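*Asks:* With our numbering applied, the sequence shown covers 8 to 246.
Even for Gly, the Cβ is constructed at its ideal location relative to N, Cα and C.
Bear in mind that the values here come from a model prediction, so they are computed numbers and not experimental data.
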Amino acid sequence: MIILPAIDIKDGTCVRLYRGDYSTAHKVADSYIKTAESFISSGAKWIHMVDLDGAKSGRPENMNIFKEVAALGVKVELGGGIRSIETAERYIEYGISRVIFGSAALSDENLVKEAVKKFGKKIAVGIDAKNRKVSVSGWTKESDVDFIDMAKKMEAIGVENIIFTDISKDGMMSGPNFEQLNEINSAVSCNIIASGGIRNTDDIKQLACMELYGAICGKSVYEGSLSVAEAVKIGGAQE
């Protein structure tokens, strides 16, 4: 299982949110480069990054930051504000290894289909749900689409990677939504990456036993309840 420590960027700074609420944004590190370097030295081969400003505005807002981190040689998975083929292509040209369509995947399936045709496994879809319903626009708007229905649609158009987040768990360190993760992992053949609520090595062990493709670790890493090195060790070989 791939371990992806997270770096979320807002106004050029590393922050964390509670349940996706932008008003709760708080700084968690002084330097995104030093943070990324510490993750790399702990054995992480991937870093999950989010452009929080872009997620709200619908366009790239911190592109140079992500380009700098990718230049360190680590694989960067990036979401937030990616709503066109042009934006995805630009990020990939800058060295981003995987770009995530979130809001755009719900509103424009053809866009995702075109992106998958052009970039293959470099494309992922983020499915962020609250009470099973998919949320969009930086989690500020809720749709009436069930997360399993969306996952099946994405699978049908060729998406290989899905990042699933239960918004109610995000930043709360109360444990992932194992039930919904198991449901989505069983419903589709896509690689499922768990996001939201991971607390400690016990959670990592349980996710690994569920044979998920990956796990994103955020607040637990910054607060010290989870070591990236230990998580990587439990996850096993990192691609």
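1. Should the stretch 85 to 95 be called in touch with the stretch 22 to 36, which here means at least 3 C-beta pairs below 8 Å?
2. Output needed for S202: all residues of its chain with C-beta closer than 6 Å, excluding positions within five of it in sequence on either side, in chain order.
3. Please list the terminal residues of the continuous beta strand (DSSP E) segment that includes G221.
4. Just to confirm, is the Cβ distance from A131 to K159 under 8 Å?
5. Between D210 and K63, what straight-line distance do the alpha-carbon atoms span, to the nearest angstrom?
6. With a floor of 3 residues, list each beta strand (DSSP E) that falls wholly inside the stretch 55 to 132, ordered by position along the chain.
7. Are the C-beta of A77 and some C-beta of chain D separated by less than 8 Å?
8. Judging by CA-CA distance, which residue of G165, K137, K82 is the nearest neighbour of F154?
9. Rounded to whole angstroms, how far is the Cβ of F126 from the Cβ of V119, which I believe are closer than 8 Å?
10. Is the CB-CB distance between E44 and D58 below 8 Å?
*Replies:* A quick look at the data gives this:
1. no
2. Counting from one through the sequence shown, the residue named residue 202 turns up at place 195. Contacts found: I170, T172, I223.
3. By one-based count along the sequence shown, residue 221 stands at place 214. That run of the beta strand (DSSP E) goes 221 to 224.
4. Here residue 131 is taken as the residue at index 124 of the sequence shown, counted from 1. Here residue 159 is taken as the residue at index 152 of the sequence shown, counted from 1. Not in contact: A131 and K159 (Cβ atoms no closer than 8 Å).
5. Locating residue 210 in the sequence shown gives position 203, counting from the first residue. Locating residue 63 in the sequence shown gives position 56, counting from the first residue. The straight-line gap from Cα to Cα measures roughly 30 Å.
6. 82 to 86, 105 to 108
7. Included in the structure is just one protein chain, with no chain D present.
8. Counting from one through the sequence shown, the residue named residue 154 turns up at place 147. The residue with the shortest Cα to Cα distance from F154 is K137.
9. For the purposes of this step, residue 126 is identified with residue 119 of the sequence shown, where counting begins at 1. For the purposes of this step, residue 119 is identified with residue 112 of the sequence shown, where counting begins at 1. F126 to V119, Cβ: 11 Å. No contact.
10. What you label residue 44 is simply residue 37 of the sequence shown in a count that begins at 1. What you label residue 58 is simply residue 51 of the sequence shown in a count that begins at 1. No. Outside cutoff.
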